[in-house]
Amino acid sequence: MTVFADLNPPARLLMGPGPINADPRVLRAMATPLVGQFDPSMTALMAETMALYRQVFRTQNKWSLLIDATARGGIEAAMVSLIEPGDKVLVPVFGRFGHLKAEIARRCGAEVVEIQAEWGTVFTPEQIEAALKQHRPKLLAVCQGDTSTTMLQPLNELGKLARAYDALLYTDTTASLGGNDLRADEWQLDLVSSGLQKCLAGPSGSAPITIGPRAEEAIMRRRHVEQGIATAADVAGPGRRIASNYFDLAMIMDYWGEKRLNHHTEATSMLYGARECAKILVEEGLEAAFARHRLAGDAMAQGLAAMGLKLFGDQRHKMANVVGVYIPDGVAGEAVRRSMLEDFGIEIGTSFGPLHGKIWRIGTMGYNARKDCVLTTLAALESVLLANGAKIATNAAVPQALACYRDAAQTARKAAD
Ligand SMILES: Cc1ncc(COP(=O)(O)O)c(C=O)c1O
Numbered sequence: 000m001t002v003f004a005d006l007n008p009p010a011r012l013l014m015g016p017g018p019i020n021a022d023p024r025v026l027r028a029m030a031t032p033l034v035g036q037f038d039p040s041m042t043a044l045m046a047e048t049m050a051l052y053r054q055v056f057r058t059q060n061k062w063s064l065l066i067d068a069t070a071r072g073g074i075e076a077a078m079v080s081l082i083e084p085g086d087k088v089l090v091p092v093f094g095r096f097g098h099l100k101a102e103i104a105r106r107c108g109a110e111v112v113e114i115q116a117e118w119g120t121v122f123t124p125e126q127i128e129a130a131l132k133q134h135r136p137k138l139l140a141v142c143q144g145d146t147s148t149t150m151l152q153p154l155n156e157l158g159k160l161a162r163a164y165d166a167l168l169y170t171d172t173t174a175s176l177g178g179n180d181l182r183a184d185e186w187q188l189d190l191v192s193s194g195l196q197k198c199l200a201g202p203s204g205s206a207p208i209t210i211g212p213r214a215e216e217a218i219m220r221r222r223h224v225e226q227g228i229a230t231a232a233d234v235a236g237p238g239r240r241i242a243s244n245y246f247d248l249a250m251i252m253d254y255w256g257e258k259r260l261n262h263h264t265e266a267t268s269m270l271y272g273a274r275e276c277a278k279i280l281v282e283e284g285l286e287a288a289f290a291r292h293r294l295a296g297d298a299m300a301q302g303l304a305a306m307g308l309k310l311f312g313d314q315r316h317k318m319a320n321v322v323g324v325y326i327p328d329g330v331a332g333e334a335v336r337r338s339m340l341e342d343f344g345i346e347i348g349t350s351f352g353p354l355h356g357k358i359w360r361i362g363t364m365g366y367n368a369r370k371d372c373v374l375t376t377l378a379a380l381e382s383v384l385l386a387n388g389a390k391i392a393t394n395a396a397v398p399q400a401l402a403c404y405r406d407a408a409q410t411a412r413k414a415a416d
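Residue numbering for the sequence shown follows numbering that gives the first Met the number 0, starting at 0 and increasing by one per position.
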């Protein structure tokens with residue numbers, strides 16, 4: 000028998016592109032005792048979780064629930080439930096997570112059309128409209144915040160466009176929900192999925208999702224209740240059976256809805272955590288949370304720029320909660336990340352594909368969208384960069400970030416007067 004030491008991970012400040020440190024309230028909620036999956040207290044908590052996520056997604060959609068999986072599971076559930084083999088799917092790709100959607104759509108048997116924007120930029124509505132017009136897809140699948148490039152795709156016009164060309168619109172908000180504005184109903188988003196481990200201040204492992212009426216109709220056409228629990232009343236829909244059992248949104252809706260038809264066993268501790276994430280956000284207020292993310296993100300970006308570092312990408316479209324910064328010439332990017340981690344206990348991120356080794360990504364999100372996290376990270380990074388021979392402006396980053404916070408406090412005081 001091999002017996003290992005007790006669980007004792009090192010203390011870390013997670014300032015990468017996510018995961019981030021979970022809010023202690025979420026961790027406490029996850030340690031709450033379990034109840035059975037059909038216990039009235041549990042089904043009441045499921046209903047509360049739905050009500051909370053309606054507020055988070057800014058929707059009246061009945062179906063605002065959790066997929067028991069990491070955010071990628073939410074994407075898979077959305078796509079496998081909407082896409083039938085041969086369907087045309089349009090994916091605007093402006094980073095790694097666009098490629099992920101294209102790949103998942105292909106696995107669902109879709110005919111995928113990709114349009115590409117240079118990494119560090121986003122699409123104009125006109126570019127997306129031109130592709131909708133030319134290709135007439137059944138589904139438009141787009142990221143809101145693509146963490147790999149730190150860019151935020153504006154979505155407000157896309158719902159209207161998708162409807163004009165008779166396409167459904169699916170959006171992945173894993174990296175952006177809770178820190179950047181999102182209005183599922185106003186923007187006419189048919190299906191939105193997310194994750195907890197970024198601006199929602201939780202661990203990965205649960206994927207909140209909201210399903211609008213048009214998506215619901217498309218999914219319910221494909222409803223086939225599992226043998227063994229189906230009754231004579233459960234007539235199969237005319238559409239093709241959804242290819243995944245676990246990610247079958249029709250069966251998951253039957254489980255979360257009045258029928259309470261058994262599907263998986265709800266991941267109770269994750270539900271407690273996801274519910275607490277939404278409760279924290281709703282208590283703070285969405286606008287206040289967006290402002291907190293904006294301020295922390297601005298302070299971090301301005302601090303990095305004050306050091307003399309160059310920011311990556313079109314700053315007009317930067318996500319509030321993460322910034323990309325070029326690794327200065329002659330500096331070993333991985334050595335800097337290692338020293339940040341080993342000497343200061345701070346994690347910052349690298350990136351993928353064409354950006355690997357070129358930029359670092361520094362997040363200020365969820366529980367870590369805080370002044371102390373911003374200042375500590377900037378101070379440590381300045382010290383590590385100097386030790387690694389970078390030519391940077393000294394004693395500029397922290398004062399600049401502090402000035403940002405002072406200005407914001409002053410503006411708030413004036414507004415309150
Ligand atoms: C935009 C986006 N989508 C999807 C994912 C995948 O999430 P997960 O690792 O929780 O499956 C990530 C993870 O970083 C992401 O940033």
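In this text, a Cβ means the ideal position worked out from N, Cα and C, and glycines have one as well.
As the structure is a computational prediction, the values presented were derived from the model and not from experiment.
Spatial distance of residue i from residue j (CA atoms)
i	j	result
Phe96	Ala116	13 angstroms
Ala242	Glu215	17 angstroms
Arg336	Val383	9 angstroms
Arg405	Trp255	46 angstroms
Ala386	Gly329	13 angstroms
Ile347	Gly323	11 angstroms
Asp22	Gly85	43 angstroms
Pro327	Lys357	9 angstroms
Trp118	Gly94	6 angstroms
Phe122	Leu190	20 angstroms
Leu195	Glu110	31 angstroms
Ala379	Asp297	18 angstroms
Thr173	Phe343	28 angstroms
Gly158	Cys142	13 angstroms
Thr230	Leu260	11 angstroms
Lys390	Glu381	10 angstroms
Gly236	Leu340	53 angstroms
Asn244	Glu125	38 angstroms
Gly144	Ala396	26 angstroms
Leu138	Gln54	25 angstroms
Pro153	Tyr169	14 angstroms
Ser40	Leu33	10 angstroms
Asp313	Ile103	28 angstroms
Lys413	Cys403	15 angstroms
Asn155	Trp186	5 angstroms
Leu12	Leu248	36 angstroms
Val92	Arg105	14 angstroms
Arg71	Leu401	37 angstroms
Leu51	Met0	45 angstroms
Thr267	Thr375	35 angstroms
Gly481	Arg360	What the structure shows of the chain is the stretch from 0 to 416, and residue 481 is not part of that stretch, so it cannot be assessed.
Where the beta strand (DSSP E) through residue i begins and ends
i	result
Arg360	358-362
Cys276	Premise fails: Cys276 lies in the alpha helix (DSSP H), 267-283, not in any beta strand (DSSP E).
Lys87	87-92
Trp62	62-66
Glu110	110-115
Beta-bridge partners of residue i, as assigned by DSSP
i	result
Leu167	Leu138
Gly323	Arg360
Gly365	DSSP, once it has assigned bridges, lists no residue as partnering Gly365.
Met150	Asp145, Lys317
Leu12	Ile345
Asn179	Leu176
Val191	Thr170, Thr209
Thr120	Trp118
Leu310	Val324
Residue interval of the alpha helix (DSSP H) (run including residue i)
i	result
Gln54	39-56
Lys418	Past the edges of the chain, shown from 0 to 416, lies residue 418, and the structure says nothing about it.
Gly73	70-81
Ile251	248-255
Glu381	370-386
Arg27	23-29
Ala397	Note on residue identity: the sequence assigns Val, not Ala, to residue 397. Val397 -> alpha helix (DSSP H) spans 396-415.
Any C-beta of chain C under 7 angstroms from that of residue i
i	result
Thr230	Within the model displayed, chain C is absent; a lone protein chain is all it includes.
Checklist entry - Can at least three beta-carbon pairs, one atom from the segment 282-298 and one from the segment 177-193, be found at a separation below 8 angstroms? => result Verdict: yes, contact present.
Next on the checklist: Tell me whether the segment 210-226 and the segment 66-76 touch, counting them as touching only if at least three CB pairs, one residue from each stretch, are closer than 8 angstroms.
Outcome noted: no
Next on the checklist: Can you confirm whether the segment 202-217 touches the segment 55-65 when touching is taken to mean that 3 or more C-beta pairs between the two stretches lie within less than 8 angstroms?
Outcome noted: Contact between the segment 55-65 and the segment 202-217 is present, because at least three Cβ pairs lie under 8 angstroms.
Checklist entry - Three or more C-beta pairs closer than 8 angstroms, one from the segment 346-359 and one from the segment 279-287: is that the case here? => result no
Next on the checklist: Below 8 angstroms, how does it come out for the segment 162-172 and the segment 301-317: are there three or more Cβ pairs, yes or no?
Outcome noted: Under the three-pair Cβ rule at 8 angstroms, the segment 162-172 does not count as touching the segment 301-317.
Item to check | Segment contact flag, the segment 264-284 with the segment 187-205, C-beta cutoff 8 angstroms, min 3 pairs | outcome: yes
Item to check | Segment contact, 8 angstroms Cβ cut-off, at least three pairs: the segment 9-29 with the segment 359-372 | outcome: yes
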